[in-house]
Each structure stands twice: as structure tokens, then as C-alpha cells.
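First residue of the sequence shown? That's 5 in the working numbering, and the numbers climb one at a time after it.
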Amino acid sequence: MSLQCPKCGKEGGNRLQRGGVLEHLLSFVYIYPYRCVACWGRFRALRWGTRYVRKQAPRRSHRRFQTHFPVVFSCGQTHGEGVVTNLAMGGCRLKTDVKLTEDTPLELKLQVPGSDIEIRVERATVRSVESFFAGLSFSRLAEAEKKRLRRFLVQLMTSQSKGVTCLQNPF
Ligand SMILES: [Zn+2]
Numbered sequence: 005m006s007l008q009c010p011k012c013g014k015e016g017g018n019r020l021q022r023g024g025v026l027e028h029l030l031s032f033v034y035i036y037p038y039r040c041v042a043c044w045g046r047f048r049a050l051r052w053g054t055r056y057v058r059k060q061a062p063r064r065s066h067r068r069f070q071t072h073f074p075v076v077f078s079c080g081q082t083h084g085e086g087v088v089t090n091l092a093m094g095g096c097r098l099k100t101d102v103k104l105t106e107d108t109p110l111e112l113k114l115q116v117p118g119s120d121i122e123i124r125v126e127r128a129t130v131r132s133v134e135s136f137f138a139g140l141s142f143s144r145l146a147e148a149e150k151k152r153l154r155r156f157l158v159q160l161m162t163s164q165s166k167g168v169t170c171l172q173n174p175f
């Protein structure tokens, strides 16, 4: 199936970000927005069977762990709270009632269990938003906070792999 601009008839188009609820719904039936390579017009086209996978945040290669602990965040005057549902050295996923938008920089305070002191992420960036969930990447984190985050992840790793792997310590 070729991709053809309905305005100028030229074949080919570059996929655009979906905008708004309608285009998100349309993508479930394989209709996506495109930009014509010739006239730069925006159009929608059916690409049956095509699924576009969202680009991953750079260097998000670290292993992620399922979690469930509170987080408070702020962006200027906006404050909110949520629950961290998974965590890695490079980022996390959180559930919140606050409507977040992509590329928003946030400051986070991770209220990790088993510690009175929050882990402070100086700057996290919203990479993706799906209903109540937001995927964040950590862009700025002080060395001391990094160490505490690493220690917490190691704890998670050992507790989550209990009974699955042998007693050998990988560290
Ligand atoms: Zn065109």
C-alpha cells in the first residue's frame, strides 16, 4: 500500500506525532498522521497492520524493576504526587492524577521504602504519557543520590530474585 498525499498526489510522507485524543484512537485502527514530503501538507492515512513503536529515551538500557512507592514531584508552581510503578537507574514510570505533558522537566522526591530520606532527582524529563502513567528519564541526579538509588535497586534486585536464582551474589 503506498502512502499518497491527498492534496498534491505525491507519494511518500513522514510520520508525525499523534495529536489529541482522536488521533490516538485512530492509531488503534492503523490510521496515522503524516507530513507530505513535497507540499508539507498534513494528512492522515491508513497503514493497515503497521504499529509504530515509540522511540525509547536515550540510554534507557538499565534493567527496570517493578515498584510501588510514593513520589512527589514539582515543576515550577505545579506540585503533584503519584506512585512509582517501575524504576531503573535511568528513569522511572509513575502513576498520577496530575496531567503531565511530554518534555516537561520535573523535580522528583522518591520516597523509597526502608528509608526516611527521599532520593532527590534534580531533573527528570517526561518522555511519554499514557492516561495516568508517565515515563520519565532522569537527566540530572547528584552523585550521592545516584549512589542511594543504586543501593536501593540492588536491594530490589536481590529481593525480587529470591527463590529464582541461586544464592550467588552478582556484586
Ligand atoms: Zn502533498
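We put the CB at the ideal spot given by N, CA and C, even for glycine. Predicted model, so just to flag it, every value in this text is computed and none were measured.
Report the partner residues of Leu140 according to the DSSP bridge assignment.
As a position in the sequence shown, residue 140 is number 136, starting the count at 1. Its beta-bridge partners are Cys96, Val130.
**OP:** Whole angstroms is fine: what's the gap from Thr71's alpha carbon to Lys113's?
**Re:** What you label residue 71 is simply residue 67 of the sequence shown in a count that begins at 1. What you label residue 113 is simply residue 109 of the sequence shown in a count that begins at 1. Between the alpha carbons of Thr71 and Lys113 lies a gap of roughly 15 Å.
Determine contact between the region 129-136 and the region 93-108, defined as no fewer than three beta-carbon pairs at a distance below 8 Å.
-> The region 129-136, when compared against the region 93-108, does touch it at the 8 Å Cβ threshold.
| task | May I ask whether a heavy atom of ligand 1 can be found less than 7 Å away from the beta carbon of Ala42? | result | As a first step, residue 42 must be located in the sequence shown, where it is residue number 38. Yes, ligand 1 has a heavy atom inside 7 Å of this Cβ.
With DSSP collapsed to three states, give me the class of Arg68. For the purposes of this step, residue 68 is taken as the residue at position 64 of the sequence shown. Arg68 falls in the coil class under three-state DSSP.
Review point. To the nearest angstrom, how far is it from the Cα of Leu91 to the Cα of Val125?
Key: The sequence position of residue 91 within the sequence shown is 87, counting from 1. The sequence position of residue 125 within the sequence shown is 121, counting from 1. Those two C-alpha atoms are separated by around 13 Å.
*Report the rounded CA-to-CA distance for Arg127 versus Val158, giving the unit in angstroms.*
If you number the sequence shown from 1, residue 127 lands on position 123. If you number the sequence shown from 1, residue 158 lands on position 154. Roughly 22 Å separates the two Cα atoms.
**Message:** I'd like to know whether the C-beta atoms of Lys11 and Gly53 end up nearer to each other than 8 Å.
**Reply:** Numbered from its first residue, the sequence shown carries residue 11 at position 7. Numbered from its first residue, the sequence shown carries residue 53 at position 49. No, they are not a contact pair.
field: Enclosing beta strand (DSSP E) for Leu50 [first to last residue]
entry: Along the sequence shown, read from residue 1 onward, the residue named residue 50 stands at position 46. In this chain, the beta strand (DSSP E) harbouring Leu50 covers 46-50.
### Message
If distances are taken between C-alpha atoms only, which option among Ala138, Leu145, Leu30 comes closest to Glu122?
### Response
Position 118 of the sequence shown, counted from the start, is the residue given in the question as residue 122. Looking from the CA of Glu122, the closest CA among Ala138, Leu145, Leu30 belongs to Leu145.
With a CB to CB cut of under 6 Å and the five nearest residues on each side skipped, what residues in its chain are close to Gln8? Here residue 8 refers to the residue found at position 4 when the sequence shown is read from its first residue. Glu15, listed in sequence order.
query: Can you tell which of Val116, Phe142, Ala148, Ala138 has its C-alpha closest to the C-alpha of Phe156?
result: Along the sequence shown, one-based indexing puts residue 156 at 152. Per the Cα distances, Val116.
message: Using 8 Å as the threshold, is the C-beta distance between Phe142 and Gly94 below it?
response: Position 138 of the sequence shown holds residue 142. Position 90 of the sequence shown holds residue 94. In contact: Phe142 and Gly94 (Cβ atoms closer than 8 Å).
>> So, at 7 Å on beta carbons, what are the nonlocal neighbours of Val41 in its own chain, with the 5 sequence-adjacent residues on each side left out?
In response: Here residue 41 is taken as the residue at index 37 of the sequence shown, counted from 1. Sequence-distant Cβ neighbours of Val41 in its own chain, meaning closer than 7 Å and more than five residues away, are Lys14, Gly16, Gly17, Asn18.
### Coarse secondary structure for Leu160, derived from DSSP in three states
Within the sequence shown, numbered from 1, the residue matching residue 160 stands at position 156. In the structure shown, Leu160 sits in a helix (DSSP, three-state: H, G or I).
>> Going by beta-carbon coordinates alone, are Val87 and Val76 separated by less than 8 Å?
In response: Sequence index remark: in the sequence shown, residue 87 carries index 83 (1-based). Sequence index remark: in the sequence shown, residue 76 carries index 72 (1-based). One thing to note: Val87 has its Cβ no nearer than 8 Å to the Cβ of Val76.
**Study point:** From Glu85, Gly118, Ala148, residue whose alpha carbon lies closest to that of Leu110
**Key:** Your numbering for residue 110 matches position 106 in the sequence shown. It is Glu85.
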